[in-house]
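Chains as they are written, first to last, in our numbering: chain A, 11 to 420; chain B, 11 to 420.
This is how it looks when you write it as structure tokens:
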């Protein structure tokens, strides 16, 4: 061709992100990421549901948004109405629901709608790691709210609100994961939910309630969603990523129309994947309860495998936050800065979430880490925890004993 | 509850969009939007493909990105490799392809990667309407490139580039839809594609090639994609929205890794819908040629219905840009400012794309409009065109005659 080529990268905007690395597959002991258990995908029932819904309703694929508008596929919203009203104590209709391309999209939309640089937002002291860089990029001032074994410490929250008020600051929202808190796995009691609703009204902030793990609670005493108690001050999001699979990009938001209409306007992706919506609707409308009755014990046995392995390898050197459901375990290894383990662990094929990445105050979480247990097999969990304990001992001398045997450096 | 509620909308950022309106269904004569023909969705074959791929590969739904990394489902990228190399003259592998959540996502990603406020971009004088507000929001200076019946006028493009160069301006990219240009329906000849590739190298800009309608060309002499001629200076996007359906949110980008790696990093949606990807791959790997052999004549007959209706109703008062494929017809009604028709037409249930919204220079396109013909039935097309001619006559006195009979105002 005529003339010489040029480097397109030289034309990129200064804000362009760094290049992605080529995908190289998964590490041997991949204890990060919100993946599910591949063995729990109900292949036959899902295949049948897909065939049924396509034969019945597939002509809708020719029309944007399946011909039912930007709030999403109506049968999916109808299913959600039943689930949210029946299991989460809400009183909503399909008109109150916006289908999302994953609940992660809801985070981006709500953050974008409310936050201006310098705004203050409240976040649980330990929280979903992906929010921190996003909040920082938006210029938010993040104030951490202490947690105990049951979730948000309401008295301290009130003190924080008073302190902010004395400075003339109204936080835009409290981002909370009340049911199977990420990463601590706690479930916030009803009384605290009511107190938080009252504080939101009193101090004038929004409750941004993320229940993406709520369906995976295996305890019996799960209180209603905060949205059920205070729909006027709450925006609620949830997901099918954890119940069916995260490769399906389907989540949902619930809010009253003054906010939901803005979220709908801000959702500029041309709709959520049509087949993802249709198949989720068809399958879960028939099988949600049976599916969860099978999935939750399967996850719980993986947790048991991980807890047993940690107790065998670390003994009393590790403090476990045994979760009430979900797919991850938060733990603390006192005396260990887990950041020193990241690189040697990765070299041994072990990936984990370091506490500082999942905390408002990174330094205070330096001995914490998160391990995800849904994707790896029982055998992989056992081997990986043992390998991790070896790395930890070699780097820090902790745990000095495992399975009642003193460790020796290699 | 304690205390009074507050209005959440009062906490919104100044940049929050206006509320969306509730979806109210489609107008009777809905001649806008990139919808397909619901009767052309292959229900049985698609249902079978969905069941097959879920039974064989559905456990991947438990893993983000179907376990194959952020570039997307490998069988879909393999299918695209065959399609792009076999039909578009390219020479690419699955590593050169990024699956997108619709080609629209590709527009946002590429625009975002390259444009900084004040940057100049080149756009065909008539182009896809949705780009103009986005380019404006990014602060781009949009320079229109004249089109003739075959697409970009290369000599004028070169003059524009010289003028810009004299001012010290290098445009970031030329956004072009060379194959079934939107809205004019032209196909750019090979020689012009080669010339544009040479100009890109000479003047140092990127060719941003949007081929989202290329598979719908029903003429036989479609030249290779520009990417095939100049992969070093081109980023190419395409879509399954027009071949299978826009409710499926699946498109793709092709670029060499220095750019594709940035696009992959900028695609922050957690992956494209897993079932949308899997079913598109399974169905099209088996049936792409047969599907297109059935779809294109069906669309072409709808175009014929629309052309006949326009000739009957408008006669010589309308100048048609009969497209070489696709789902829309661009036309001009000399002496009519179509913006004066928008409101009365909408009242009569007729929606059309006004030329000024699909043009770099709105005033110069005031007599143009775009009519989409894939979704409405043949009967609806005929009735809608007749109704539109009545509105046009009542507002402007044009067309004075239709079906060889002089019109009279109602």
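For glycine and all other residues, C-beta sits at the position ideal for the given N, C-alpha and C.
Quantities reported herein were computed from a predicted structural model and do not represent experimental measurements.
| Asked | Found |
| --- | --- |
| Local Cβ density within 10 Å of residue 186 (chain A), reported as buried at 16 or more and exposed below that | buried |
| Unbroken beta strand (DSSP E) run spanning residue 2 (chain B), endpoints | Outside the displayed range of chain B (11 to 420) lies residue 2 (chain B), so it cannot be described from this structure. |
| Chain A within 8 Å of residue 74 (chain B), Cβ atoms only | yes |
| Residue range of the beta strand (DSSP E) that includes residue 253 (chain A) | Per DSSP, residue 253 (chain A) belongs to no beta strand (DSSP E) and is neither H nor E. |
| Under 8 Å between C-beta atoms of residue 189 (chain B) and residue 340 (chain B) | no |
| Chain A contact for residue 320 (chain B) (CB, 8 Å cutoff) | no |
| Interface partners of residue 385 (chain B) on chain A, CB under 8 Å | 72 and 73 |
| Contact with chain B by residue 196 (chain A), beta-carbon distance below 8 Å | no |
| Per DSSP, the bridge partner or partners of residue 380 (chain A) | A:340 and A:363 |
| For residue 107 (chain A), the three-state DSSP class (helix, strand or coil) | strand |
| 8 Å Cβ cutoff met for residue 293 (chain B) and residue 257 (chain A) | no |
| The segment 28–39 of chain A in contact with the segment 382–397 of chain A per 3-pair CB rule at 8 Å | yes |
| Listed by chain order, chain B residues near residue 38 (chain A) by CB distance under 9 Å | Residues of chain B passing the Cβ test: none, with the nearest at roughly 15 Å. |
| Short Cβ contact (8 Å threshold) for residue 334 (chain A) with residue 228 (chain A) | yes |
| Short-range partners of chain B found in the segment 182–212 of chain A, where Cβ spacing is below 7 Å | 182, 207, 208, 211 and 212 |
| Nearest-angstrom Cα separation, counted from residue 223 (chain B) out to residue 336 (chain B) | 6 Å |
| Cutoff 8 Å: residue 95 (chain A) Cβ touching any chain B Cβ | no |
| Validate contact between the segment 256–276 of chain A and the segment 279–296 of chain B using beta carbons, cut 8 Å, 3 pairs | yes |
| Touch test, the segment 19–37 of chain A against the segment 117–133 of chain B, Cβ-Cβ under 8 Å, three pairs minimum | yes |
| Pair within 8 Å by beta-carbon distance, residue 242 (chain B) and residue 196 (chain B) | no |
| Through-space distance from residue 382 (chain B) to residue 417 (chain B), alpha-carbon basis | 26 Å |
| Meets three-Cβ-pair contact criterion under 8 Å: the segment 301–308 of chain A and the segment 155–174 of chain A | no |
| Candidates A:18, A:202 and A:92, of which the one nearest residue 299 (chain A) by Cα | A:92 |
| Residue 137 (chain A) versus A:102, A:369 and A:253, residue with shortest Cα-Cα distance | A:369 |
| Inside the segment 180–221 of chain A only - beta strand (DSSP E) runs reaching at least 3 residues | 183–186 and 216–220 |
| Residues bridged to residue 75 (chain B) [DSSP beta-bridge criterion] | None, per the DSSP bridge assignment. |
| C-alpha gap between residue 248 (chain A) and residue 107 (chain A), whole angstroms | 11 Å |
| At least three beta-carbon pairs within less than 8 Å, the segment 76–96 of chain A to the segment 140–159 of chain A | no |
| is_contact[residue 126 (chain B), chain A] using C-beta, thresh 8 Å | yes |
| Member of B:46, B:373, B:351 and B:354 whose CA lies at the smallest distance from the CA of residue 226 (chain B) | B:46 |
| Bridge partner(s) assigned by DSSP for residue 136 (chain A) | A:369 |
| Rounded C-alpha distance that separates residue 142 (chain B) from residue 216 (chain B) | 18 Å |
| DSSP-derived helix/strand/coil call for residue 247 (chain B) | strand |
| Beta-carbon proximity check, residue 57 (chain A) vs residue 68 (chain B), cutoff 8 Å | yes |
| Cα-Cα separation, residue 202 (chain B) to residue 115 (chain A) | 41 Å |
| Interface partners of residue 216 (chain A) on chain B, CB under 7 Å | 18 and 21 |
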